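Engineer: Residue numbers (the working numbering), protein chains in the order written: chain R, 1 to 238; chain W, 1001 to 1238. Yeah, the Cβ is synthetic: ideal placement off N, Cα and C, and Gly gets one too. Everything numeric in this text was worked out from a predicted model, so none of it was measured. Encoded as structure tokens, here's the structure I'll be asking about.
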DNA sequence: CGCAACGTTGAGGCGTATCAAGCAATGTGG
DNA sequence: CCACATTGCTTGATACGCCTCAACGTTGCG
């Protein structure tokens, strides 16, 4: 956990203050949230929530990466979404979690007891409006991913994934110059396969193919250099 | 459009009164909605909204079936969801429609001018809470479909689709007896293919295969008899 | 009737899954 | 410090499911 934040644990220095569910709260509302929040951490690989569990809390990802996932009985798995810092976990008004949530890296959550949070929603339009807005964004993301899963080729899937990671982790102030970009993959090959509806071998082969064509360069297992982002975007199929 | 409703157009006799976005409104709130609603109809095959269009209205499906769909430049199409009576179209707070909405059958919408509806949301927690609840349901539906698109076989996809239609159109009071069920498909083979991430030929072949095995029987193009629903559910992969 | 829209069926090919082996990096216990 | 296991990834050979292309059947309608 990071410096100033780790010491004070104050919302003022929270890294997700302006993007999370509390983004549009005024100082008074924030003070209420501040008084009921607790931090919880999960180690890489550990479950945060199991489907069918009773959900006792809701919360925001502050640090780390988690995944939402769903399985078939025979072991086939589909990742439904990445949960990155500022993303919200939990459903006010629902008894049980619909899907598994797994910590991919070490994860820190800013949690609220579910009952208290529900009361707060009812009395704080700023929070419920923000929650609706975030839910609609998630819905759009899920639907965009449906197009990928249903209609894109393995090659397009990999390219789309890389472009998405670049977008979500790059500094928007860096402008659109044709400089090479570098990203750090938050997922293993296996986790990418589960997210893209592929096998691990196909993921690996597509990386190799893109590398041979010079569309990307690999640095270790997790580093990817994108010398020509527009070209990769083209391959992604937009 | 139906009898009593067609005459009075009163919310009291509206067939979706208790499931739509207005479900939890009290009589006062309903009166406000009643005063600003207008009905619009669309013929089968016509677009209701184009992606990128400016959205001037939001509304609920009262009669008919519509689809949300997204396309790639080369013509590949993915249907993102069915819009059946009581489903909501539109995004308060958004300028533009993210996806195309097409009328599959003749469709009747109960519409509200978008600006007025947004004002209403801000002042009517019952509506915004209901909207959040419906959005979360849609999110779950989209994520369930991601598992289907990413990991299920053609056979499982068809079975899942049939079970889903049975669930959404059967009378829940009919109980769970092992009586044969009969459903009417709301989609052509092509529309099913677009929804399931398949081609029209594969859809047709899977129907034929399930028919040969006695899992279903076909009555004309749209009628399907399901003699053993648990068996079909088993094939669907739950 | 003739045509159009929708659906079915067949032959063949392609893309991805499956199965299997091997490599590199890292860890572990004797 | 070496022998050995483990984990994550890559690569190859082969199989198979679904797509593509093409022809034909069925139904409804001007």
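Since residue 133 of chain R meets chain W, which of its residues come closer than 8 Å, beta carbon to beta carbon?
Structural biologist: In the first chain, counting from the first residue as 1, residue 133 of chain R sits at position 133. The answer, in chain order, is 1093.
Engineer: So the candidates are W:1082, W:1145, W:1213 and W:1076; which of them puts its Cα closest to the Cα of residue 1063 of chain W?
Structural biologist: For the purposes of this step, residue 1063 of chain W is taken as the residue at position 63 of the second chain. Here the closest residue by C-alpha is W:1082.
Engineer: Could you spell out the range, first to last residue, of the beta strand (DSSP E) harbouring residue 1047 of chain W?
Structural biologist: As a first step, residue 1047 of chain W is located in the second chain; it is residue number 47 there, counting from the start. From DSSP, the beta strand (DSSP E) with residue 1047 of chain W extends over 1047-1049.
Engineer: Work out the CA separation of residue 145 of chain R and residue 1185 of chain W for me, nearest whole Å.
Structural biologist: By one-based count along the second chain, residue 1185 of chain W stands at place 185. By one-based count along the first chain, residue 145 of chain R stands at place 145. Using only the alpha carbons, I get a separation of about 26 Å.
Engineer: Using 8 Å as the Cβ pair cut-off and three pairs as the minimum, do the segment 50-60 of chain R and the segment 1099-1116 of chain W touch?
Structural biologist: Not touching, per the Cβ criterion.
Engineer: Do residue 49 of chain R and residue 101 of chain R have their C-beta atoms closer together than 7 Å?
Structural biologist: If you number the first chain from 1, residue 49 of chain R lands on position 49. If you number the first chain from 1, residue 101 of chain R lands on position 101. Contact flag set, yes.
Engineer: Where does residue 1201 of chain W fall in DSSP's three states?
Structural biologist: Mapped onto the second chain, residue 1201 of chain W falls at position 201. Helix.
Engineer: Would you mind stating whether residue 91 of chain R and residue 1136 of chain W have Cβ atoms separated by less than 7 Å?
Structural biologist: The residue given as residue 91 of chain R occupies position 91 in the first chain. The residue given as residue 1136 of chain W occupies position 136 in the second chain. Cβ distance < 7 Å, so residue 91 of chain R and residue 1136 of chain W count as in contact.
Engineer: Where does the unbroken alpha helix (DSSP H) through residue 35 of chain R begin, and where does it stop?
Structural biologist: What you label residue 35 of chain R is simply residue 35 of the first chain in a count that begins at 1. Counting along the chain, the alpha helix (DSSP H) containing residue 35 of chain R begins and ends at 27-36.
Engineer: Where do the ends of the alpha helix (DSSP H) carrying residue 1127 of chain W lie?
Structural biologist: Along the second chain, one-based indexing puts residue 1127 of chain W at 127. Per DSSP, residue 1127 of chain W belongs to the alpha helix (DSSP H) from 1125-1151.
Engineer: Out of curiosity, what's the CA-to-CA distance linking residue 43 of chain R and residue 109 of chain R?
Structural biologist: As a position in the first chain, residue 43 of chain R is number 43, starting the count at 1. As a position in the first chain, residue 109 of chain R is number 109, starting the count at 1. Spanning the two alpha carbons is a distance of roughly 12 Å.
Engineer: Applying the 10 Å Cβ sphere with the 16-neighbour rule, what's the burial state of residue 1215 of chain W?
Structural biologist: On the second chain, residue 1215 of chain W is found 215 positions in, with the first residue counted as 1. Residue 1215 of chain W should be labelled buried.
Engineer: Beta carbons nearer than 7 Å to chain W: which residues of the segment 49-79 of chain R have them?
Structural biologist: Listed by position along the chain: 70, 72, 76 and 78.
Engineer: Please state whether the Cβ-Cβ distance between residue 1075 of chain W and residue 197 of chain R is less than 7 Å.
Structural biologist: Along the second chain, one-based indexing puts residue 1075 of chain W at 75. Along the first chain, one-based indexing puts residue 197 of chain R at 197. The answer is no: Cβ separation not under 7 Å.
Engineer: Spell out whether any CB of chain W is found under 7 Å from the CB atom of residue 102 of chain R.
Structural biologist: As a working mapping, residue 102 of chain R is identified with position 102 in the first chain. It does not; no Cβ of chain W falls within 7 Å.
Engineer: Would a check of beta-carbon distances place residue 1109 of chain W closer than 7 Å to chain R?
Structural biologist: In the second chain, counting from the first residue as 1, residue 1109 of chain W sits at position 109. So, not an interface residue.
Engineer: Residues in the segment 1130-1157 of chain W with C-beta within 7 Å of chain R's C-beta atoms, listed in sequence order?
Structural biologist: Hits within the stretch, in order: 1131, 1132, 1133, 1135, 1136, 1138, 1139, 1140, 1142, 1143, 1145, 1146, 1147, 1149, 1150 and 1151.
Engineer: Does the beta carbon of residue 1098 of chain W come closer than 7 Å to any beta carbon on chain R?
Structural biologist: If you number the second chain from 1, residue 1098 of chain W lands on position 98. Chain R contact via Cβ: present.
Engineer: Could you check what DSSP says for residue 1217 of chain W in three-state terms: helix, strand or coil?
Structural biologist: Residue mapping note: residue 1217 of chain W aligns to position 217 of the second chain, counting from 1. Three-state DSSP puts residue 1217 of chain W in a strand.
Engineer: Since residue 1096 of chain W sits in a beta bridge, which residues does DSSP pair it with?
Structural biologist: For the purposes of this step, residue 1096 of chain W is taken as the residue at position 96 of the second chain. For residue 1096 of chain W, which the question treats as bridged, DSSP gives the partners W:1054.
Engineer: So if I threshold CB-CB distances at 7 Å, which residues from the segment 1183-1205 of chain W count as touching chain R?
Structural biologist: Flagged, chain order: 1197.
Engineer: What would DSSP say about residue 1190 of chain W, mapped onto helix, strand or coil?
Structural biologist: For the purposes of this step, residue 1190 of chain W is taken as the residue at position 190 of the second chain. Here residue 1190 of chain W sits in helix by DSSP.
Engineer: Drop a sphere of 10 angstroms on the beta-carbon of residue 35 of chain R, count the other beta-carbons inside from all chains shown, and report buried for 16 or more, exposed for fewer.
Structural biologist: Within the first chain, numbered from 1, the residue matching residue 35 of chain R stands at position 35. Exposed, by the Cβ-count rule.
Engineer: I believe residue 1236 of chain W touches residue 1154 of chain W by the beta-carbon criterion, under 8 Å. Please report the beta-carbon distance rounded to the nearest angstrom.
Structural biologist: The sequence position of residue 1236 of chain W within the second chain is 236, counting from 1. The sequence position of residue 1154 of chain W within the second chain is 154, counting from 1. No, residue 1236 of chain W and residue 1154 of chain W are not in contact; Cβ-Cβ is about 12 Å, not under 8 Å.
Engineer: Could you pull the start and end residues of the alpha helix (DSSP H) that residue 154 of chain R belongs to?
Structural biologist: Here residue 154 of chain R refers to the residue found at position 154 when the first chain is read from its first residue. Residue 154 of chain R -> alpha helix (DSSP H) spans 154-169.
Engineer: List, in chain order, every chain R residue whose beta-carbon is nearer than 7 Å to that of residue 1237 of chain W.
Structural biologist: Stepping through the second chain from its first residue, residue 1237 of chain W is reached at position 237. The contacting residues are 72.
Engineer: Give me the residue from W:1210, W:1228 and W:1084 with the minimum Cα distance to residue 1182 of chain W.
Structural biologist: The residue you call residue 1182 of chain W lines up with position 182 of the second chain. When each option's Cα is compared against that of residue 1182 of chain W, the closest is W:1228.
Engineer: Identify the contact partners of residue 128 of chain R in chain W, using a Cβ-Cβ distance below 9 Å as the criterion.
Structural biologist: Position 128 of the first chain, counted from the first residue, corresponds to residue 128 of chain R. Result: 1125, 1128, 1129 and 1132.
Engineer: Taking residue 1233 of chain W as the reference, which of W:1179, W:1068, W:1156 and W:1131 has the closest Cα?
Structural biologist: Numbered from 1 along the second chain, position 233 holds the residue referred to as residue 1233 of chain W. The option with the nearest alpha carbon to residue 1233 of chain W is W:1156.
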